[in-house]
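No gaps in the numbering here: position 178 of the sequence shown is 178 in the UniProt record's numbering, and each next residue is one more. Note that CB positions come from ideal geometry on N, CA and C, so glycine has one too. Report on the following structure.
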Amino acid sequence: MKNNVTTPALLEKYFPLSAREKADLEQVVAVHPMNIPRYYLSLIRPDDPNDPIRKMCVPGSEELIVVGAMGDTTKDPYGDDKHDKGNGILHKYSYTALVVATEYCAMYCRHCFRKRMVGLSNDQTVRNFQEASKYIADHPEISNVVISGGDPFLLPTDVIKAMLESLKDIPHLNYVRLGSRAPVVYPMRFFEPELLDVLRRFNREKTLFVPTHFNHPREITPEATQAVLNLREAGLNVHNQAVFLRGVNDDPETLTELMNDLVRIGINPYYLYQCMPVARVRHHFQVPLKEGVDIVDRARQQMDGHAKRFKFIIGHDIGKLEICGRVDDKLILKQIHARSEHPEEASRMLIRQLTDNGGWLDDLPEVELA
Numbered sequence: 001m002k003n004n005v006t007t008p009a010l011l012e013k014y015f016p017l018s019a020r021e022k023a024d025l026e027q028v029v030a031v032h033p034m035n036i037p038r039y040y041l042s043l044i045r046p047d048d049p050n051d052p053i054r055k056m057c058v059p060g061s062e063e064l065i066v067v068g069a070m071g072d073t074t075k076d077p078y079g080d081d082k083h084d085k086g087n088g089i090l091h092k093y094s095y096t097a098l099v100v101a102t103e104y105c106a107m108y109c110r111h112c113f114r115k116r117m118v119g120l121s122n123d124q125t126v127r128n129f130q131e132a133s134k135y136i137a138d139h140p141e142i143s144n145v146v147i148s149g150g151d152p153f154l155l156p157t158d159v160i161k162a163m164l165e166s167l168k169d170i171p172h173l174n175y176v177r178l179g180s181r182a183p184v185v186y187p188m189r190f191f192e193p194e195l196l197d198v199l200r201r202f203n204r205e206k207t208l209f210v211p212t213h214f215n216h217p218r219e220i221t222p223e224a225t226q227a228v229l230n231l232r233e234a235g236l237n238v239h240n241q242a243v244f245l246r247g248v249n250d251d252p253e254t255l256t257e258l259m260n261d262l263v264r265i266g267i268n269p270y271y272l273y274q275c276m277p278v279a280r281v282r283h284h285f286q287v288p289l290k291e292g293v294d295i296v297d298r299a300r301q302q303m304d305g306h307a308k309r310f311k312f313i314i315g316h317d318i319g320k321l322e323i324c325g326r327v328d329d330k331l332i333l334k335q336i337h338a339r340s341e342h343p344e345e346a347s348r349m350l351i352r353q354l355t356d357n358g359g360w361l362d363d364l365p366e367v368e369l370a
């Protein structure tokens, strides 16, 4: 990881940059750091200026855009701040606690919805995991924990072991998730026997899941496939949470290939997230919902039952909303999770009027289906 590409000067050794590109890059990384493993950099096709792998890891001048035709942007579209219980704990849903274990990742993805904090010192990460586990133990309504970040697999193995050990004996905790993009961008982490042994031992006591984050079929390399196999052979379940991204996977053929390839290597397609309206992300990565719902439907027509199990999701401040489809120009959504302060909103249906540019729930007026 010490050899990651973190500056425009280092990037120039791999890709020629014009003076303007370099100046824009310097401006972007001053706000949102760059961090690219050389492994992931090797997946880029340097002769393709629109390469989807490059779009996800190399900063671009588009990140300087904070307003535009897509609508407003925000720093916190998922409502992390208002559900922050301190010491890295976000308690949005009564039954789930999310622990932000670190602000660091193996790679700083350009579409990240926590872009405001990843790679930057902040107060929203865990400082004392024993206290975090005490909060979880003191709330019997919590049935599962998500350890996220940043990327928890960037922590030392002994730290991961201690975190898991502190959760092992909480009786009302059914399972734990370790959310990570490391199998995609730095799969070599999962070639380490010590780490795999820690995960295997914990999984014997309490079920452990790894939700990962493949967005494009070219990310499913032999190395990534082996990393996933190592996790599966340790007994873990691996799920995938992709993000629907302009210029990366916004066509039926790419989405179909991605989901089929995930199933082929033993990963369960779980969520496809609508790109959030994050500042310096929305205006070059978000696909309008009117266009996106049709792309996803056409892709699903080509998939078998296992590949199409994923839910197309808006991760909104009010909770998680499944995008079910559309009737003419009316978008049909079902709320599948609601905030703990509004439990009555779970499982309700929402109908919104599609517009040409609307990419988020707040952009679409409420309408009746009839």
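| Does the region 326-341 touch the region 349-356, meaning 3 or more C-beta pairs lie closer than 8 Å? | Yes, the region 349-356 touches the region 326-341.
| query | How about the region 295-310 and the region 227-237: do they share at least three Cβ pairs that are nearer than 8 Å? | reply | At 8 Å Cβ cutoff, the stretches do not touch.
| message | If you follow the beta strand (DSSP E) that V58 is in, where does it begin and where does it stop? | response | Here V58 belongs to no beta strand (DSSP E), and DSSP marks it neither H nor E.
| field | Collapsed DSSP secondary structure at D158 in the structure displayed | value | Of the three classes helix, strand and coil, the one that applies to D158 here is helix, per DSSP.
| query | For the 8 Å Cβ check, are there 3 or more pairs between the region 146-165 and the region 270-289? | reply | Taking one beta carbon from each stretch, the region 146-165 and the region 270-289 have fewer than 3 pairs nearer than 8 Å; the two do not touch.
| request: Whole angstroms is fine: what's the gap from K115's alpha carbon to E194's? | output: Each residue's alpha carbon lies about 31 Å from the other.
| task | Could you please give me the residues that DSSP links to V100 through a beta bridge? | result | S148.
| request: Would you check if the region 213-227 and the region 246-257 touch, i.e. whether three or more CB-CB distances between them fall below 8 Å? | output: Contact between the region 246-257 and the region 213-227 is present, because at least three Cβ pairs lie under 8 Å.
| Separation of V99 from I44, as counted between CA atoms | C-alpha separation (whole angstroms): 32 Å.
| query | Roughly how many whole angstroms lie between the Cα atoms of V210 and N237? | reply | Straight through space, the alpha carbons of N237 and V210 are spaced by roughly 6 Å.
| Classification of P187 by the beta-carbon crowding that lies within 10 angstroms, buried from 16 upward | Burial call: buried.
| message | Can you check which of these residues, R348, P277, T221, is closest to Y40 by C-alpha distance? | response | Considering only alpha carbons, the answer is T221.
| Length-filtered (4 minimum) alpha helix (DSSP H) runs lying within the region 188-244 | If we require 4 residues or more, the alpha helix (DSSP H) runs fully inside the region 188-244 come out as 193-205, 222-233.
| request: Measure the alpha-carbon distance for I295 versus R309 and round it to whole angstroms. | output: In a straight line, the C-alpha of I295 is about 16 Å away from that of R309.
| said: Relative to the C-alpha of D138, which candidate in R189, K92, H172 has its C-alpha closest? | reply: Residue H172 is the option with its Cα nearest to D138.
| request: With a cut-off of 8 Å on the beta carbons, I'd call L199 and L208 a contact; round off their distance for me. | output: Contact between L199 and L208 holds: their C-beta atoms lie close to 6 Å from each other, under 8 Å.
| field | Length of the line joining the Cα atoms of D250 and Q274 | value | About 11 Å.
| said: Since A224 and P183 should fall inside the 8 Å C-beta cutoff, what is the C-beta to C-beta distance between them, to a whole number of angstroms? | reply: P183 and A224 do touch by the CB rule: their CB atoms are close to 6 Å apart, below 8 Å.
| task | Can you grab the Cα-Cα spacing for the pair G60 / R181, in whole Å? | result | Spanning the two alpha carbons is a distance of roughly 21 Å.
| In terms of alpha-carbon separation, which member of E344, E368, W360, F202 lies closest to E291? | For E291, the nearest C-alpha among the options comes from W360.
| DSSP beta-bridge partners for I351? | Checking the DSSP bridge columns, you'll see I351 partnered with I332.
| task | Report the three-state DSSP secondary structure of V327 (helix, strand or coil). | result | V327 falls in the strand class under three-state DSSP.
| task | Would you list the one or two residues that DSSP bridges to D47? | result | For D47, DSSP records no beta bridge to any residue.
| field | Proximity winner among I314, Y104, M56, relative to L289 (alpha-carbon distances) | value | That would be I314, whose Cα lies nearest to the Cα of L289.
| message | Tell me the rounded alpha-carbon separation between A338 and I89. | response | Linking A338 to I89 through their CA atoms gives a straight-line distance of about 18 Å.
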